[in-house]
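Numbering (the working numbering), first residue to last: 24 to 130.
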């Protein structure tokens, strides 16, 4: 046998205490990192479901006053509003009747 080689049947030397402590710290850090990533994924899946919220129901047609064009639409519990260039028109969701007209002052 060459000099400097350990015999094949010799038991490996025990690691020093500081190295064993470092080994367990690295194992603990790895485990906590894995658990943290799993927790973040679970929170994202719970907070942002894949299906999304259902779209609000709007009537098939909306009759606007002559000469106006819709720029935006928003929905409330029993009404919907149409924003035009100079006014906000609030309609009843059930009947489709104009409830209120709010003029927008342009300065």
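Even glycine gets a Cβ: it sits at the ideal position worked out from N, Cα and C.
Are the region 116-128 and the region 99-108 in contact at 8 Å, needing three or more beta carbon pairs?
The region 116-128, when compared against the region 99-108, does touch it at the 8 Å Cβ threshold.
How long is the line joining the alpha carbons of residue 57 and residue 107, rounded to whole angstroms?
CA-to-CA, the gap between residue 57 and residue 107 works out to about 53 Å.
Return the CA-CA distance between residue 52 and residue 60, expressed in angstroms with no decimal places.
Whole-angstrom Cα-Cα distance: 12 Å.
Residue 126 bridges to which residues according to DSSP?
110, per the DSSP bridge assignment.
When you compare only the Cα positions, how much space is there between residue 90 and residue 74?
So the two alpha carbons sit approximately 39 Å from each other.
How many angstroms separate the CA atom of residue 41 from the CA atom of residue 54?
Spanning the two alpha carbons is a distance of roughly 20 Å.
Can you give me the Cβ contacts of residue 92 inside the same chain, cut-off strictly under 8 Å, excluding the 5 residues immediately before and after it?
Residues of the same chain with a CB within less than 8 Å of the CB of residue 92, apart from the 5 flanking positions on each side, are 107, 108 in chain order.
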